[in-house]
Amino acid sequence: MKRLILIAFAVLLPIIGHCETRSSIRNDVRALMRDTRTDGYNRWSNALLDSRIDAGELEFIKLARQPIKTGFITTAVNVSTYALPSDCVVPIRIAYAIKPLTSTTTNYRRLEFVTVDGMDNVGKGNSFWEDTSADYPAKYMYPETGVLRIYPQPSSTYAGANFIKITYSVRVSTMATDSSVPFDGNTFMYTYHSAIKWYVCYLCALDTGLTNVADYYRNLFMADVNIAIGQTNDKPDKQGSFTAK
């Protein structure tokens, strides 16, 4: 049994990654940027580095679309506009309930994302889509911050509690203390803690005018972002171009 536990730990460790805290990220940034003085005359204050750590965390979430959360929105008859969840950064997938909706089984169909221009092109070039009769929603857009719009607006047959299922990148809490762990302590995000470090180093390098160093750390940050994007979009078990709608 002990051998199995050790094997499992060895397998999971590269996946889970190393857990950082606000303090450890700040200390690593100081070491990388040669700002380890102990007499109080550091180039960057703790407060500035802490704010950049929070900024790096949010920048990663915005670009990489992780961590991910799923929520539900209640719809109403003839209403097309709804508020996104307050902790939503970027919607990833919007799906709509397929009737019949039961207490034990609820299936959802993915809605097609379109832009405002795309909506205007619905119906062979006319811009009267807002006057379309209520029916089963087929498309969505989010033209304003915090707003989700579906088309067509739901009819009485296709409106109700939890009819919209939304998967989105979630805004995490700011790190309030030096022992705070990035991404609200989500263990599956441990491997991306280094991305925050690279982002802070990137900003600090810009302060010094060392654009080549800034580019180096920006490339490290974007490498982590691209890995995360790949995990969201291209899973190892992906089979061809099949997409469940």
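For the sequence shown, the working numbering begins at 4 and goes up steadily by one.
Positions of the beta carbon are idealized from the N, C-alpha and C atoms, including for glycine.
Here proline 88 is not near tyrosine 195, since their CB atoms are 8 Å or more apart. In this structure, isoleucine 97 and isoleucine 167 form a Cβ contact; the two beta carbons are roughly 7 Å apart against a cut-off of 8 Å.
Excluding five sequence positions before and after aspartate 31, the CB atoms of its chain that fall closer than 6 Å to its own CB belong to Lys200, given in chain order.
In the structure shown, aspartate 138 falls within a strand segment according to DSSP collapsed to helix, strand and coil. Proximity of the region 47-62 to the region 202-210 meets the contact definition, three or more beta-carbon pairs being nearer than 8 Å. For serine 54, the enclosing alpha helix (DSSP H) begins and ends at 49-67. Taking C-beta atoms as the reference points, methionine 178 and arginine 25 count as a pair closer than 8 Å. With fewer than three CB-CB distances shorter than 8 Å, the region 32-47 does not count as touching the region 153-166. In this structure the region 137-145 lies against the region 109-120, because at least three pairs of beta carbons, one per stretch, are closer than 8 Å. Excluding sequence positions up to five before and after aspartate 90, its CB lies within less than 6 Å of the CB of Val173 and Arg174, all in the same chain and listed in chain order. Taking a C-beta distance under 8 Å as the contact criterion, glycine 149 and alanine 86 qualify as a contact pair.
With contacts defined as CB atoms closer than 8 Å, leucine 66 and valine 228 qualify as a contacting pair. Annotation note: the region 78-116 contains the following uninterrupted beta strand (DSSP E) runs of length 3 or greater, listed N- to C-terminal: 84-86, 91-100 and 111-113. Separation of the CB atoms of serine 197 and aspartate 187 is rounded to 17 Å, and the pair is thereby denied contact status at 8 Å. Contact between arginine 152 and threonine 84 holds: their C-beta atoms lie close to 5 Å from each other, under 8 Å. Per DSSP, the unbroken alpha helix (DSSP H) holding leucine 35 starts and ends at 25-35.
According to the DSSP assignment, serine 172 belongs to the beta strand (DSSP E) that extends over 167-173. For serine 183, same chain residues with a beta-carbon under 7 Å away, outside a window of 5 residues either side, are Thr24 and Arg25 in chain order. Following the DSSP letters along the chain, one finds leucine 213 in no alpha helix (DSSP H), marked with neither H nor E.
When Arg46, Arg29, Thr109 and Ile230 are compared, the shortest CA-CA separation from threonine 211 is found for Arg46. The shortest C-alpha to C-alpha distance from asparagine 49 to any of Ile230, Gln234 and Asp181 is the one to Asp181. Of the residues assessed, isoleucine 101 falls on the exposed side of the cut-off, its CB having fewer than 16 other CB atoms within 10 angstroms.
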